[in-house]
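J.:
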Amino acid sequence: MTHSESRLPGRPDERASAARPSSAPGGCADPLVAVVLVVAEVAAGALLAIWLMVRGLTRSHEATGAKASAPPPADPGMDWTPVVVFAVLALLVACVAAGLLRSGWYWSGGTQAVVAVALGVMVLATAVEESVREAPEPTPAPTHASPPCRSGGDSDECARSGR
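Just remember that our numbering sits 4 ahead of the position in the sequence shown, which is counted from 1.
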């Protein structure tokens, strides 16, 4: 009696790989998964954006609703939460892309890599824009030179006297 394995051509490790089904997708499954993942990421990004907008509105409402007679608070600076949230989303998409590419899902993995790069560029552009906005502006130089004070005083004394 012979076994069915002995009839397969090739070495034993080739026979084992021939018996094992591949994990690569067949047909249109790979592009379909790519579309489904992109739609899911767009939905997740929209939900995150809505959450961040509501969070920003409540923060501004809390800052102005303290007391009517109190002066408005000083500018607290940049809120880095949106940048961090979208950076985490980009990192998550990049990890999914790496897993898909290693599994042989090339369309889905490539699409996820493109989405991760686009999110990363958006995060970096936002971070750079906000850091430039936070930088202190230099004081402008005076546009006109006042004539010297004839009374011998300093420039503040001349400015008060109108001479």
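We treat Cβ as the ideally placed atom computed from N, Cα and C, and that holds for glycine.
1. Going by alpha carbons, who is nearest to GLU45 out of GLU133, VAL100, LEU128, ALA131?
2. For the ligand MG, is there any heavy atom lying closer than 8 Å to the beta carbon of VAL39?
3. Compute the Euclidean distance between the alpha carbons of LEU52 and ASP34, then round it to the nearest angstrom.
4. If you draw a straight line from the alpha carbon of VAL121 to that of ILE54, how long is it in whole angstroms?
5. Pick from ALA117, LEU93, VAL127: whose alpha carbon is nearest that of ALA48?
6. Residues in its own chain within less than 7 Å of ALA131 by CB, not counting five upstream and five downstream?
7. Is TRP55 helix, strand or coil when you go by DSSP?
8. Can you tell me where the alpha helix (DSSP H) with GLY103 in it begins and where it stops?
T.: So, from the listed chains and residues:
1. In the sequence shown, the residue the question calls residue 45 occupies position 41. Looking at the Cα atoms, VAL100 is the closest of the given residues.
2. The model on display carries no ligand, and the ligand MG is accordingly not part of it.
3. For the purposes of this step, residue 52 is taken as the residue at position 48 of the sequence shown. For the purposes of this step, residue 34 is taken as the residue at position 30 of the sequence shown. If I take the Cα positions, the gap works out to 27 Å.
4. Mapped onto the sequence shown, residue 121 falls at position 117. Mapped onto the sequence shown, residue 54 falls at position 50. Inter-residue distance for VAL121 and ILE54 is about 22 Å (C-alpha atoms, whole angstroms).
5. Here residue 48 is taken as the residue at index 44 of the sequence shown, counted from 1. Comparing alpha-carbon positions, the option among ALA117, LEU93, VAL127 lying closest to ALA48 turns out to be LEU93.
6. Reading the sequence shown from its first residue, position 127 is the one you call residue 131. Cβ-Cβ distances below 7 Å link ALA131 to VAL87 in the same chain, with the five nearest sequence neighbours on each side left out; the list follows chain order.
7. The count along the sequence shown starts at 1 and reaches residue 55 at position 51. Correct three-state label for TRP55: helix.
8. To locate residue 103, count along the sequence shown from 1; it is residue 99. From DSSP, the alpha helix (DSSP H) with GLY103 extends over 85-107.
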